[in-house]
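Q: Below is one structure. I have some questions about it.
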Amino acid sequence: MAFLPLLPKAPMSSDGASTSNTDSAVNLPSSSATDESAHEAILDTETLLNAAGSLIVVFDRQGKIKRFNRTCETTTGYIEKDVQGHCVWDFLLIPEDRVAMQGIFRQLMNGQTNTYYESTWLGKAGETHVIAWSNTVLTNRLGRVDFIVSSGIEVTQQRHSRRQLEGQYRQSHLLAEITQKVRQSLELEEILQTTVSEVQGLLGCDHVFILQAPPESSVRLAAEAITTLAQGPAQSLLRRPWPTNPLLQSDYVEHYRRQSVSVIDTMDGPGVAPEIVDILNQLAVKSELAVPILAHGHSDDGIKAGQKDGFWGLLIAHHCMQSRRWSPLEIDLMQQLANQIGVAINHAQLLEHLEDIVVERTAKLTETNQQLRREMDERLRTESALRRSEKQLRLVTNALPALVAYVDIRHRYRFNNYAYETWYDIPYQQIKGRQVSDIVSLEVYQQILPYLEQALMGESVTFESEMIQSSGQRLWASISYIPDIQDGQVKGLFSLVSDISDRKAAERMKDEFVSVVSHELRTPLTSVHGSLKLLSTGRLGTLNGQGRELIDIALKNTERLTRLINDVLDLERMSFGKVTLVPVACSVLDLLQSAADAMQPMADEYNIQLAIRPTEALSVWAAPDQVMQALTNLLSNAIKFSPEGSTVWMQARLPGKEPNKVDAHVEFLVKDVGRGVPSDKLETIFERFAQVDSSDARERGGTGLGLAICREIIQQHRGRIWVKSIHGQGSTFYFTLPQPTASPSAL
Amino acid sequence: MLSKQILMIDDESDIQTVARIGLTIVGGWQVLTANSGREGIAQAKSHVLDAILLDVMMPDMDGVATLKALKADISTQSIPIIFLTAKSRAINRKELYALGAQGVIHKPFDPTTLSSQISGFLGWD
Chain S
1 MAFLPLLPKA PMSSDGASTS NTDSAVNLPS SSATDESAHE AILDTETLLN AAGSLIVVFD
61 RQGKIKRFNR TCETTTGYIE KDVQGHCVWD FLLIPEDRVA MQGIFRQLMN GQTNTYYEST
121 WLGKAGETHV IAWSNTVLTN RLGRVDFIVS SGIEVTQQRH SRRQLEGQYR QSHLLAEITQ
181 KVRQSLELEE ILQTTVSEVQ GLLGCDHVFI LQAPPESSVR LAAEAITTLA QGPAQSLLRR
241 PWPTNPLLQS DYVEHYRRQS VSVIDTMDGP GVAPEIVDIL NQLAVKSELA VPILAHGHSD
301 DGIKAGQKDG FWGLLIAHHC MQSRRWSPLE IDLMQQLANQ IGVAINHAQL LEHLEDIVVE
361 RTAKLTETNQ QLRREMDERL RTESALRRSE KQLRLVTNAL PALVAYVDIR HRYRFNNYAY
421 ETWYDIPYQQ IKGRQVSDIV SLEVYQQILP YLEQALMGES VTFESEMIQS SGQRLWASIS
481 YIPDIQDGQV KGLFSLVSDI SDRKAAERMK DEFVSVVSHE LRTPLTSVHG SLKLLSTGRL
541 GTLNGQGREL IDIALKNTER LTRLINDVLD LERMSFGKVT LVPVACSVLD LLQSAADAMQ
601 PMADEYNIQL AIRPTEALSV WAAPDQVMQA LTNLLSNAIK FSPEGSTVWM QARLPGKEPN
661 KVDAHVEFLV KDVGRGVPSD KLETIFERFA QVDSSDARER GGTGLGLAIC REIIQQHRGR
721 IWVKSIHGQG STFYFTLPQP TASPSAL
Chain Z
1001 MLSKQILMID DESDIQTVAR IGLTIVGGWQ VLTANSGREG IAQAKSHVLD AILLDVMMPD
1061 MDGVATLKAL KADISTQSIP IIFLTAKSRA INRKELYALG AQGVIHKPFD PTTLSSQISG
1121 FLGWD
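Listed below in structure tokens is the structure:
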């Protein structure tokens, strides 16, 4: 690279060694006539002194210059006469070296010889020369220093070159360092700060800073390095807090936006734009070097490929102490640094963008993760809830002595409780998945198969069956199969099997008891009733009026006893479910007619008309004997409580409201115009031994159980029975019975 | 019309008496009695009978067993048998008929109509 030397334009040799003049020869003094004397002239001190290529100065004891050779003269521009009698530190040395020089002189006077040092001289024109000196002291016989001979070589250029090299080296190093940092570090702030600090040190200027000019907001000081040596008003202005700092005014930055590098060596020079003159003067800036930093624009939708670099900000160096020239090397360094900063900014933006993306993705991932976790938790909770409920189900079902199971449509067990273990002597876990026919005996399977199939067609069934346990023990079981219907399809059935052997045994006992009781009660009654009956015929002897009356009374009461026994036993057996009603389809008309026929004798006796009102040809699903019993009971009551000569009506019909409803019951009625039922007794009248008043039973010969039996019968048919009555005007007793339906169901 | 000869088998002597009086006074029939199934079978074998009135509930050999025995014996199997039962009305009837009985009369019965009931079952007059 080319460089401009900072020294006056004295001719230099390429290797930088100084030469006193263009001549390589020194003219000998012209006083010598012959060659001999010319040779002797060589030895003349004066000639030697002035022939020497190096600078030679002779000092006396006080440090005053005695001799100042030609090289000195040509180097400095002073002639010997100018400097003789002066000390070197008077004006020859630069101020900084003067004290040091005096120290060295004292050392020399003390006898230290051959010191080597460098000092910088000021030439007459104010230029500086760096000279490397070596000294010799001349002492007298007594050892006292009389003179000091200093011999020096100008090394200015060398020093300069070395400083330049050093500078270059430092610059390269700085550039390399910055570049490396840019490549390695992602900390933009760090990079910016390092740059300004290093540059400030390298260039040796007062103030290096970076301004950022974001597109939509105000100028911002991104990094700053201020020399600690800066004194005076500049310092305080620099330190002024932004945003009042004039540097941050937009016109300052705007000025540079359209420019490339701006070099201001001195404020007085041409090319200093008037708009920034004020600002710079405010800050007492004497020299400025401003380099634009180009980077990708800020944009919210990220970095676009191939986006043109835009103006990001400025890298600026200010020198306030005095004007200074910015060397091309320095300018180049700044540009390179600005480039690196641009790269760093791009990296930072890219990183930020990437970081944003990462943050976004991470947030999304976290959210997804959380959602997953929530779903998992949900599922775990559901599963554990399921497990808990299954566990509860097991707890509950295992505690039951009954068999609880779920059988699928292929007759396989899908769930079974613990009780299976005691019934079938198989570990209950081993039943799952096996066929029902594997578990139960063949006999039992044949028994239950039709019911299984019925349930799997969608119909609940309950039945009783005698089964043999694995121990050989016989037991009675009540079995219920309930179909499991999902979405209109049968998926399986729930099976409930309970041991009713005890109940059966109790029933059997009750059965026997009832048989025995009925037999025991009826037996003596037969004798009593029979005897009285025979006596009353009169064929075994006649009795007088009172006698006949008494016989009649006795007979009547034995008949009442008989009826009572019958009714009580009937009721007990019915309410314990012993009487199994076997329903068939019955013609309603037939029922009514049969009942009327059966009660005709009694009606005749009481002088009552029995009439059947027009009835449709309907059918009911009922046990005919029991319905007959109910009808005759009602008719009996109606006849008993009707006034003589009146009529008792019977009818059966479908109730008016919903005649076409599939499961509508047929409504029967028995109507009389007797004395009726008080309104507060309309419900209680159906209870056992309930009478309207106490005189009834005795007078009318009723047992008090007739209506209770009716109710029991009707309820066993799943019907209803009730009475409507106006006390004193008559009653109508109603009951309902189901019609035959398409699918049979056990009552 | 010849008078009928009826055997009544019942372990209750009072009931026997009531039935006997009823059948003789009202029906004008002849009545033999037996206190147990075994005695009844013996009687049936040794007499010409038009019908047997047989009580269901008897100790030792009950009515059903007695009927089976009578039916098993060629000399007695053609004698019509009518059960007398103190049990409740509904169930037993079918079972009893299924065994070969030709009638079932419930206790307490009316002795004054006993003969006409029996005639009705057996199609006499």
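So the protein sequences, as listed, match chains S and Z. The numbering used here puts the first sequence at residues 1 to 747. The numbering used here puts the second sequence at residues 1001 to 1125. By construction, the Cβ of each residue, glycine as well, lies at the ideal position given by its N, Cα and C atoms.
#1: Within 10 angstroms of its Cβ, does Val528 (chain S) collect 16 or more other Cβ (buried), or is it exposed?
#2: Any C-beta of chain S within less than 8 Å: which residues of the segment 1045-1076 of chain Z qualify?
#3: For Asn135 (chain S), which residues does DSSP report across the bridge?
#4: If contact means a Cβ-Cβ distance below 7 Å, which residues of the segment 499-525 of chain S contact chain Z?
#5: Return helix, strand or coil for Phe513 (chain S), following the three-state DSSP convention.
#6: Taking the Cβ atom as the reference point for each residue, do Val627 (chain S) and Leu737 (chain S) lie within a distance shorter than 8 Å?
#7: Runs of 3 residues minimum, wholly inside the segment 589-633 of chain S: which ones carry the beta strand (DSSP E) assignment?
#8: Considering only residues of the same chain and omitting the five flanking positions on each side of Val155 (chain S), which have a CB-CB separation below 6 Å?
#9: Hey, out of S:Ser471, S:Ile448, S:Gly472, whose CA is closest to Val461 (chain S)'s CA?
#10: Decide yes or no for the touch test of the segment 666-674 of chain S against the segment 725-739 of chain S: beta carbon pairs closer than 8 Å, at least 3 of them.
#11: Closest to Leu571 (chain S) by CA distance: which of S:Gly458, S:Ser531, S:Ser518, S:Asn557 is it?
#12: Decide if Ile726 (chain S) is buried, meaning its Cβ has at least 16 other Cβ atoms within 10 Å, or exposed.
#13: Since Glu127 (chain S) is in the beta strand (DSSP E), which residue starts that stretch and which ends it?
#14: Of all the beta strand (DSSP E) runs that stay within the bounds of the segment 439-479 of chain S, which reach a length of 3 or more residues?
#15: Listed from N- to C-terminal order along the chain, which residues in the segment 559-571 of chain S have their beta-carbon within a distance smaller than 8 Å of any beta-carbon of chain Z?
#16: Which two residues bound the contiguous alpha helix (DSSP H) that contains His347 (chain S)?
#17: Let's test the definition: count the other Cβ atoms within 10 Å of the Cβ of Lys304 (chain S) and tell me whether it reaches 16, buried, or not, exposed.
#18: For chain S, find out if any of its Cβ atoms is closer than 8 Å to the Cβ of Ile1025 (chain Z); answer yes or no.
#19: Within the same chain, show all residues whose beta-carbon is closer than 7 Å to that of Thr615 (chain S), passing over the 5 residues directly before and after it, in chain order.
#20: Please decide whether Arg548 (chain S) counts as near chain Z, where near means a Cβ-Cβ distance under 8 Å.
#21: Counting along the chain, where does the beta strand (DSSP E) carrying Glu421 (chain S) start and finish?
#22: When you compare the segment 1051-1063 of chain Z with the segment 1023-1043 of chain Z, are there three or more beta-carbon pairs, one atom per stretch, that lie closer than 8 Å?
#23: Check whether chain S comes within 8 Å of Thr1112 (chain Z), counting only Cβ atoms and requiring the distance to be less than that.
#24: Here's a check: name, in chain order, each residue in its chain whose Cβ is nearer than 6 Å to the Cβ of Ile148 (chain S), leaving out the five neighbours to either side.
#25: Helix, strand or coil, according to DSSP, for Cys320 (chain S) in the structure here?
#26: What three-state label does DSSP hand Cys205 (chain S) in the structure shown?
#27: Output, in chain order, the set of chain S residues within a Cβ distance shorter than 7 Å of Ala1098 (chain Z).
#28: Return the chain-ordered list of same chain residues with a C-beta closer than 6 Å to the C-beta of Ser1075 (chain Z), the five sequence neighbours on each side being excluded.
#29: Out of S:Ser217, S:Val199, S:Arg573, point me to the one whose CA is closest to Leu333 (chain S)'s CA.
#30: Checking contacts by CB at 8 Å: is Thr1107 (chain Z) closer than that to chain S?
#31: Just the chain Z side, please: which residues come within less than 9 Å of Leu534 (chain S) by C-beta, in chain order?
#32: What does Arg539 (chain S) touch in chain Z if you count any residue whose Cβ is under 7 Å from its own?
#33: Based on the DSSP secondary-structure assignment, which residues constitute the bridge partners of Lys432 (chain S)?
#34: Which residues in chain S sit within 9 Å of Asp1014 (chain Z), going by Cβ to Cβ distance?
#35: Where does Asn416 (chain S) sit, in a helix, a strand or coil, going by DSSP?
#36: So with CB distances below 7 Å, who are the chain S contacts of Ala1086 (chain Z)?
A: According to the structure shown:
#1: For the purposes of this step, residue 528 (chain S) is taken as the residue at position 528 of the first sequence. With 16 or more other CB atoms across the displayed protein chains lying within 10 angstroms of its CB, Val528 (chain S) is buried.
#2: The residues in question are Met1057.
#3: Mapped onto the first sequence, residue 135 (chain S) falls at position 135. Asn135 (chain S) is bridged to S:Ser150.
#4: Listed by position along the chain: Ser515, Ser518, His519, Arg522, Thr523, Leu525.
#5: Taking the first residue of the first sequence as 1, we reach residue 513 (chain S) at position 513. Note: Phe513 (chain S) maps to helix in three-state DSSP.
#6: If you number the first sequence from 1, residue 627 (chain S) lands on position 627. If you number the first sequence from 1, residue 737 (chain S) lands on position 737. In this structure, Leu737 (chain S) lies closer than 8 Å to Val627 (chain S) by Cβ.
#7: Listed in chain order, the beta strand (DSSP E) elements of length 3 or more contained wholly in the segment 589-633 of chain S are 609-612, 619-622.
#8: If you number the first sequence from 1, residue 155 (chain S) lands on position 155. Closer than 6 Å at Cβ, skipping near neighbours: Val130, Ala132.
#9: Residue 461 (chain S) sits at position 461 when you count from the first residue of the first sequence. The shortest C-alpha to C-alpha distance from Val461 (chain S) to any of S:Ser471, S:Ile448, S:Gly472 is the one to S:Ile448.
#10: By the criterion of at least three beta-carbon pairs nearer than 8 Å, the segment 666-674 of chain S is in contact with the segment 725-739 of chain S.
#11: Reading the first sequence from its first residue, position 571 is the one you call residue 571 (chain S). Out of S:Gly458, S:Ser531, S:Ser518, S:Asn557, S:Ser518 has the C-alpha closest to the C-alpha of Leu571 (chain S).
#12: Along the first sequence, read from residue 1 onward, the residue named residue 726 (chain S) stands at position 726. In this structure Ile726 (chain S) is exposed. Its beta-carbon is surrounded by fewer than 16 other beta-carbon atoms within 10 angstroms.
#13: Numbered from its first residue, the first sequence carries residue 127 (chain S) at position 127. Run containing Glu127 (chain S): none; DSSP gives neither H nor E here.
#14: Counting only unbroken stretches of 3 or more residues, the beta strand (DSSP E) elements lying wholly within the segment 439-479 of chain S are 461-468, in sequence order.
#15: So the list reads Thr562, Asn566, Leu569, Asp570, given in the order they occur along the chain.
#16: The residue you call residue 347 (chain S) lines up with position 347 of the first sequence. Counting along the chain, the alpha helix (DSSP H) containing His347 (chain S) begins and ends at 328-399.
#17: In the first sequence, the residue the question calls residue 304 (chain S) occupies position 304. A caution first: Lys304 (chain S) carries a pLDDT of 46, below 50, which makes its placement in the model too unreliable to give a value.
#18: Against the second sequence, residue 1025 (chain Z) aligns to sequence position 25. For Ile1025 (chain Z), the answer is yes, since a Cβ of chain S falls inside 8 Å of its Cβ.
#19: Here residue 615 (chain S) refers to the residue found at position 615 of the first sequence. For Thr615 (chain S), where only same-chain residues beyond five positions count, the Cβ hits under 7 Å are Val588, Leu589, Leu592, Gln651, Ala652, Arg653.
#20: Here residue 548 (chain S) is taken as the residue at index 548 of the first sequence, counted from 1. With its beta carbon at least 8 Å from every one in chain Z, Arg548 (chain S) lies outside the interface.
#21: Working through the first sequence from its first residue, we reach residue 421 (chain S) at position 421. The continuous stretches of beta strand (DSSP E) do not include Glu421 (chain S), which lies in the alpha helix (DSSP H) extending over residues 419-424.
#22: With a cut-off of 8 Å, the segment 1023-1043 of chain Z and the segment 1051-1063 of chain Z count as touching, because enough Cβ pairs lie within range.
#23: In the second sequence, counting from the first residue as 1, residue 1112 (chain Z) sits at position 112. Taking CB atoms only, Thr1112 (chain Z) has a neighbour in chain S less than 8 Å away.
#24: Taking the first sequence and counting its residues from 1, the one referred to as residue 148 (chain S) is at position 148. Answer for Ile148 (chain S): Phe59, Leu108, Asn135, Val137, listed in chain order.
#25: Taking the first sequence and counting its residues from 1, one reaches residue 320 (chain S) at position 320. Judged by DSSP in its simplified three-state form, Cys320 (chain S) adopts coil rather than helix or strand.
#26: Your numbering for residue 205 (chain S) matches position 205 in the first sequence. Here Cys205 (chain S) sits in coil by DSSP.
#27: Translated into positions along the second sequence, residue 1098 (chain Z) becomes position 98. Chain S residues near Ala1098 (chain Z): none, gap ~16 Å exceeds 7 Å.
#28: Locating residue 1075 (chain Z) in the second sequence gives position 75, counting from the first residue. Contacts found: Lys1045.
#29: Start at 1 with the first residue of the first sequence, and residue 333 (chain S) comes out as number 333. The residue among S:Ser217, S:Val199, S:Arg573 with its C-alpha nearest the C-alpha of Leu333 (chain S) is S:Val199.
#30: Numbered from 1 along the second sequence, position 107 holds the residue referred to as residue 1107 (chain Z). Inspection of the sequence shows that residue 1107 (chain Z) is occupied by Lys rather than by Thr. Yes, because at least one Cβ of chain S sits closer than 8 Å to the Cβ of Lys1107 (chain Z).
#31: Position 534 of the first sequence holds residue 534 (chain S). Going along chain Z in sequence order, the residues near Leu534 (chain S) (Cβ under 9 Å) are Val1018, Ile1021, Gly1022, Ile1025, Val1026, Pro1111, Thr1112.
#32: Within the first sequence, the letter at position 539 stands for residue 539 (chain S). Per Cβ cutoff of 7 Å: Ile1025.
#33: Position 432 of the first sequence holds residue 432 (chain S). DSSP output for Lys432 (chain S) lists no bridge partner at all.
#34: For the purposes of this step, residue 1014 (chain Z) is taken as residue 14 along the second sequence, with counting starting at 1. Within 9 Å of the CB of Asp1014 (chain Z), the CB atoms of chain S belong to Thr523, Pro524, Thr526, Ser527, Val528, Gly530, Ser531, in sequence order along the chain.
#35: Taking the first residue of the first sequence as 1, we reach residue 416 (chain S) at position 416. Three-state DSSP puts Asn416 (chain S) in a strand.
#36: Here the question's residue 1086 (chain Z) lines up with position 86 in the second sequence. By Cβ distance, chain S contributes Ser518, His519, Arg522, Thr523.
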